[in-house]
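Participant: Following this message is one structure expressed as structure tokens.
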Amino acid sequence: SYLLLTSLFPEWNYFSAPLIINLFLIWIFYRMTNLYNTPKPVASIFNIGMILGVVTLLYQPAIVFVLLLLLALFIMRPFRVQEWLIGLLGISAPYYFLLLILYFRDVWDWRQMLPTISFRLPSMPSSIAVTVSIILLVVPFIIGGVFVQNNLNDICASIQYRIVSILLNKLEKAAIETGITRLCIAGGVSANSGLRNGLQQLADKKGWQAFIPKFEYCTDNAAMIAITAYYKHLAGESTSLNIPVTARAEW
Numbered sequence: 003s004y005l006l007l008t009s010l011f012p013e014w015n016y017f018s019a020p021l022i023i024n025l026f027l028i029w030i031f032y033r034m035t036n037l038y039n040t041p042k043p044v045a046s047i048f049n050i051g052m053i054l055g056v057v058t059l060l061y062q063p064a065i066v067f068v069l070l071l072l073l074a075l076f077i078m079r080p081f082r083v084q085e086w087l088i089g090l091l092g093i094s095a096p097y098y099f100l101l102l103i104l105y106f107r108d109v110w111d112w113r114q115m116l117p118t119i120s121f122r123l124p125s126m127p128s129s130i131a132v133t134v135s136i137i138l139l140v141v142p143f144i145i146g147g148v149f150v151q152n153n154l155n156d157i158c159a160s161i162q163y164r165i166v167s168i169l170l171n172k173l174e175k176a177a178i179e180t181g182i183t184r185l186c187i188a189g190g191v192s193a194n195s196g197l198r199n200g201l202q203q204l205a206d207k208k209g210w211q212a213f214i215p216k217f218e219y220c221t222d223n224a225a226m227i228a229i230t231a232y233y234k235h236l237a238g239e240s241t242s243l244n245i246p247v248t249a250r251a252e253w
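Under the working numbering, the first residue of the sequence shown is numbered 3, with each subsequent residue one higher.
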């Protein structure tokens with residue numbers, strides 16, 4: 003949405019100072035979208051805030067993106083005062099170092115230290131159609147983010163239900179076509195409670211046998227491959243290093 007929005011500004015379609023600042027803002031957007039899946043987001047939030055502070059220092063109209071960072075924290079993360087303070091600390095960091103430099107140089111006109119480049123906000127298109135387009139881009143993003151944050155558990159449960167139902171439908175079809183009545187699951191995915199319950203219900207409905215491992219045996223696929231290779235090595239079963247290796251099974 004942001005790329006489409008900025009493409010409407012003619013002055014951001016060629017190399018210019020606002021375009022350079024826009025590059026940093028796109029990076030900030032990218033890091034913001036990854037906040038939700040970050041288990042320890044403190045460093046990312048600080049880095050976003052610091053880059054945002056540099057951008058606002060060089061390009062004052064970008065101060066509106068400070069509100070965007072707070073909005074991203076509100077949408078993407080559960081409310082934690084620590085994360086909000088870290089973001090504000092990152093924003094203030096460039097100004098802190100600027101004040102230190104001004105203090106030690108005894109030069110308090112900070113504008114003299116900035117590059118002599120004309121930074122100005124690109125003119126907004128006056129077309130009503132463009133204004134409506136901007137609203138249609140921004141408003142759904144905000145509404146969608148709030149909806150996802152408030153209904154995350156329901157969304158995850160719906161996705162899990164749909165994936166499990168697809169797997170079981172394909173498994174049922176394959177079993178009917180092949181005549182196999184003894185079904186099993188293995189690997190890390192077999193620890194999923196929805197899949198375990200669904201397979202057992204399918205087996206009970208069709209009169210089949212379902213073999214479901216205990217949770218302690220639902221090992222990750224990579225671990226199962228590694229332990230198999232370990233025992234093959236102990237048994238002396240190995241191949242030379244000059245054979246062609248492929249991930250496509252041919253049995």
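Virtual Cβ for every residue (Gly too), placed ideally from N, Cα, C.
Do the region 183 to 190 and the region 198 to 217 meet, that is, are 3 or more Cβ pairs less than 8 Å apart?
Facilitator: With a cut-off of 8 Å, the region 198 to 217 and the region 183 to 190 count as touching, because enough Cβ pairs lie within range.
Participant: Measure the C-alpha to C-alpha separation of Ala-197 and Phe-217 and round it to an integer number of angstroms.
Facilitator: In the sequence shown, the residue the question calls residue 197 occupies position 195. In the sequence shown, the residue the question calls residue 217 occupies position 215. This sequence places Leu at residue 197; Ala is not what is there. Approximately 13 Å, taken between the alpha carbons.
Participant: Considering only their Cβ atoms, is the gap separating Leu-37 from Ala-74 smaller than 8 Å?
Facilitator: What you label residue 74 is simply residue 72 of the sequence shown in a count that begins at 1. What you label residue 37 is simply residue 35 of the sequence shown in a count that begins at 1. Taking 8 Å as the Cβ cut-off, Ala-74 and Leu-37 qualify as a contacting pair.
Participant: Once DSSP output is grouped into helix, strand and coil, what is the label at Arg-254?
Facilitator: Lying before the first or after the last residue shown, residue 254 is absent from the chain, which here runs from 3 to 253.
Participant: Which residue or residues does DSSP assign as beta-bridge partners of Ala-212?
Facilitator: Here the question's residue 212 lines up with position 210 in the sequence shown. Answer by DSSP bridge pairing, in chain order: Leu-185.
Participant: Taking the CB atoms as reference points, tell me whether Tyr-97 and Gly-55 lie closer together than 8 Å.
Facilitator: For the purposes of this step, residue 97 is taken as residue 95 along the sequence shown, with counting starting at 1. For the purposes of this step, residue 55 is taken as residue 53 along the sequence shown, with counting starting at 1. Yes, they are a contact pair.
Participant: Which residues in the same chain have their Cβ closer than 7 Å to the Cβ of Phe-26, if we skip the five residues on either side of it in sequence?
Facilitator: For the purposes of this step, residue 26 is identified with residue 24 of the sequence shown, where counting begins at 1. Cβ within range, chain order: Ile-53 and Val-57.
Participant: Return the residue from the list Phe-81, Lys-208, Pro-80 and Val-247 that minimises the CA-CA distance to Ala-177.
Facilitator: Your numbering for residue 177 matches position 175 in the sequence shown. It is Lys-208.
Participant: How would you label Ala-205, buried or exposed, when you count the other beta carbons within 10 angstroms and need 16 or more for buried?
Facilitator: Here the question's residue 205 lines up with position 203 in the sequence shown. When all chains shown are included, Ala-205 counts as buried.
Participant: Run through DSSP, which three-state label would Ser-240 get?
Facilitator: Counting from 1 along the sequence shown, the entry for residue 240 is found at position 238. It is coil, neither helix nor strand.
Participant: With a Cβ-Cβ cutoff of 8 Å, do Phe-67 and Ile-103 count as a contact?
Facilitator: The residue you call residue 67 lines up with position 65 of the sequence shown. The residue you call residue 103 lines up with position 101 of the sequence shown. No, the pair does not count as a contact, with Cβ atoms beyond the cut-off.
Participant: Out of Gly-89, Asn-152, Leu-90 and Met-226, state which residue places its alpha-carbon closest to the alpha-carbon of Gly-190.
Facilitator: The residue given as residue 190 occupies position 188 in the sequence shown. Nearest of Gly-89, Asn-152, Leu-90 and Met-226 to Gly-190, Cα basis: Met-226.
Participant: Since Phe-48 is in the alpha helix (DSSP H), which residue starts that stretch and which ends it?
Facilitator: Position 46 of the sequence shown, counted from the first residue, corresponds to residue 48. That run of the alpha helix (DSSP H) goes 44 to 60.
Participant: Taking a contact to mean a Cβ-Cβ separation below 8 Å, would you say Gly-1 touches Gly-92 in this structure?
Facilitator: The chain is shown only over 3 to 253; residue 1 falls outside these bounds and no answer can be derived.
Participant: Taking the alpha-carbon of Gln-62 as reference, which of Cys-158, Asn-24, Lys-172 and Val-44 has the nearest alpha-carbon?
Facilitator: Here residue 62 refers to the residue found at position 60 when the sequence shown is read from its first residue. Cα-wise, what sits closest to Gln-62 is Asn-24.
Participant: Within 10 angstroms of its Cβ, does Ile-47 collect 16 or more other Cβ (buried), or is it exposed?
Facilitator: Your numbering for residue 47 matches position 45 in the sequence shown. Result: buried.
Participant: State the Cα-Cα distance for the pair Tyr-219 and Val-150, rounded to the nearest angstrom.
Facilitator: The residue given as residue 219 occupies position 217 in the sequence shown. The residue given as residue 150 occupies position 148 in the sequence shown. Taking the straight line joining both Cα atoms gives about 34 Å.
Participant: Note down, in chain order, each residue of its chain lying with its Cβ closer than 8 Å to the Cβ of Leu-201, except the 5 sequence neighbours on either side.
Facilitator: Start at 1 with the first residue of the sequence shown, and residue 201 comes out as number 199. So the qualifying residues of the chain are Leu-170, Leu-173, Leu-185, Ile-187, Ala-212 and Ile-214.
Participant: Considering only residues of the same chain and omitting the five flanking positions on each side of Asn-49, which have a CB-CB separation below 8 Å?
Facilitator: To locate residue 49, count along the sequence shown from 1; it is residue 47. For Asn-49, where only same-chain residues beyond five positions count, the Cβ hits under 8 Å are Arg-33 and Gly-92.
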